[in-house]
Structure formats: structure tokens, C-alpha cells
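J.: Take 23 as the starting number for the sequence shown in our numbering and just add one per residue.
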Amino acid sequence: MRLEGKAAIVTGAGQGIGRATALALAREGADVLVADINPETGGKTAGEVRALGRKAAATRTDVTRLDDIRGMVDTAAATFGRLDILVNNAGILKVQDIFAQNEADWDRTFAVNVKGVFFCLQEAARRMREQKSGVIVNMASIAGRGGRPIMVDYAATKTAVISITRSAALALAPYGIRVNAVCPGIVDTAMWDHIDEIWGMQMLGLPRGEQRRRRLQAIPLGRLEQPEDVAKAIVFLCSDEADYITGQALNVCGGLEMD
Numbered sequence: 023m024r025l026e027g028k029a030a031i032v033t034g035a036g037q038g039i040g041r042a043t044a045l046a047l048a049r050e051g052a053d054v055l056v057a058d059i060n061p062e063t064g065g066k067t068a069g070e071v072r073a074l075g076r077k078a079a080a081t082r083t084d085v086t087r088l089d090d091i092r093g094m095v096d097t098a099a100a101t102f103g104r105l106d107i108l109v110n111n112a113g114i115l116k117v118q119d120i121f122a123q124n125e126a127d128w129d130r131t132f133a134v135n136v137k138g139v140f141f142c143l144q145e146a147a148r149r150m151r152e153q154k155s156g157v158i159v160n161m162a163s164i165a166g167r168g169g170r171p172i173m174v175d176y177a178a179t180k181t182a183v184i185s186i187t188r189s190a191a192l193a194l195a196p197y198g199i200r201v202n203a204v205c206p207g208i209v210d211t212a213m214w215d216h217i218d219e220i221w222g223m224q225m226l227g228l229p230r231g232e233q234r235r236r237r238l239q240a241i242p243l244g245r246l247e248q249p250e251d252v253a254k255a256i257v258f259l260c261s262d263e264a265d266y267i268t269g270q271a272l273n274v275c276g277g278l279e280m281d
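Put into C-alpha cells, the structure is as follows:
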């Protein structure tokens, strides 16, 4: 097991990529604190981690609230006695035309996807600094590599996450803390169902699933990405196999983006 004896936090771990990551970390020997704004789904994931023979805890965490973030990190330290891994996965997306975006939506997207990422990173790094070791993986997106006309705010936040990753990698390297990001593409989750419905059906007038089919045709590897595909890349970045990798944003997208 590549992560035997490690303790991890995964935010947004109640479903999708976060859940898949929590379970993948557990299968490699890590104990996992499941942080999610939905205590029901978070608790379910924690139960699945325990079923794999690892310790688990769950916290209701709103990553836009500093008190919640501090409580999350404190709970992990109290439960496991250490903190080795943070996977900054929590994020939101709302598909809408550029002229439909309003200040409230913009602020909310940045609060979760940028402010939340930074302050979770900061609080986890405070704890990791005491150990002089740790790994942080931030959830970016290939949307952060280029423009997205129907999710301007989301794309901007993911570009910001890549920048935060690089700056934090430089700042935290002296403390033995590595910081990387992953950039998924079109992942088979509820978020993509939302994109298909709003972009494909409402904005383009396509039948249900047609926009998904068109996007699938653009993927060189010819299949829709699964949450587990992203989770496997995250496990690698958290392991000693990646101990000389920091400040990188790894595309995990089947070749859809090659920048």
C-alpha cells in the first residue's frame, strides 16, 4: 500500500470525484476525514472508508467559512494524530450565458472555488509545517487552461487554482510540503449532467445527451472520464512515487487538452 499510515482530508467528498478519491486513498492505506457541506452524503462516504478497513471521520464543512475550515483540520489532527494529505476538491459550477452572470453568482463561485481552496490549503499547511512534510492536491480543470463561453466565472476560478498551486508550491517547499493540481476534463458526474442539460438542451436546443455525445467525440481516448480516473492520478501525486513533483497541474482528460 502506497499510503499506509497516512492521514488525509478530502473536501467535497460526499459524491463524484471527491468520493472516488476518498475511497482510492483508503484502498492505498490512508485514513480519511471526509469533509462535505452535505453531512448525509459525507457520512455515507466515511462509512465506505471504514468498510475498507481504514479510520474515517466526517465533518460538515462549508469551505467559504474559516471557522469550518479550522474545525475540519483540527478534527483530522485530533482523530488521526497527524495530517499528511489534503485534497482540495470542493467546487461549484453554474452554466450560464455571459450576459446572464450576476454579481452574486460570481462571488459565490469565487468564494468556493478560490477562497475555499486557498484557506483550506493554508490551514492544512500550518499543521503539515509542524511535521515538515505533507502533500496538497488542488482540483483545477482543463477549463482553467483556456476560455469557456458558458462558464466564464468557473474557468477563471480554475485558472486561479493553477496559479495558487504554483505559488504555494514555492512558498511551502522549504517545509517539505508538495503542492500540485489535477485538471480533469469531461467527468461522468452530476456536474456534467448539469452542463448537458443547461448548455446542450436549454442553450443549444439539443436533445438530452446530444451535447455529451458531441463532447465525447472530441476526446482522443474515446471514452467518458470516470471519477476513478481522476482519483488514481491524485493517489499517485500523494505517494512517494511523486516525491520530486511539485508546482505542477496535471491534465487528466483523455487527451482533450494537451497544453
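Just so it is clear, CB atoms sit at the ideal spot from N, CA and C, and this is done for glycine as well.
Please read all numbers here as calculations on a predicted model, not as lab measurements.
Kindly indicate which three-state DSSP category residue 158 falls into: helix, strand or coil?
T.: Reduced to three states, the DSSP call for residue 158 is strand.
J.: If the criterion is Cβ atoms closer than 8 Å, does the pair residue 169 and residue 183 meet it?
T.: Taking 8 Å as the Cβ cut-off, residue 169 and residue 183 do not qualify as a contacting pair.
J.: Using only the alpha-carbon positions, how far apart do residue 109 and residue 204 sit?
T.: Distance between the alpha carbons of residue 109 and residue 204 is about 10 Å.
J.: Can we say the stretch 174-191 touches the stretch 69-89, given the rule of at least three CB pairs closer than 8 Å?
T.: No, the stretch 174-191 is not in contact with the stretch 69-89.
J.: Give the secondary structure of residue 82 by DSSP, where H, G and I count as helix, E and B as strand, and everything else as coil.
T.: Strand.
J.: From residue 241 to residue 123, what distance separates their C-alpha atoms?
T.: Answer to the nearest angstrom: the Cα atoms are 29 Å apart.
J.: Going by beta-carbon coordinates alone, are residue 264 and residue 42 separated by less than 8 Å?
T.: For residue 264 and residue 42, no; Cβs fall outside 8 Å.
J.: When burial is assigned at 16 or more other CB atoms within 10 Å of the CB, is residue 266 buried or exposed?
T.: The residue is exposed, with fewer than 16 neighbouring Cβ atoms inside 10 Å.
J.: Quick one, are the C-beta atoms of residue 107 and residue 192 less than 8 Å apart?
T.: Against a cut-off of 8 Å, the Cβ pair of residue 192 and residue 107 comes out as no contact.
J.: With a 10 Å radius around its C-beta and 16 neighbouring C-beta atoms as the bar for buried, classify residue 125 as buried or exposed.
T.: Residue 125 should be labelled exposed.
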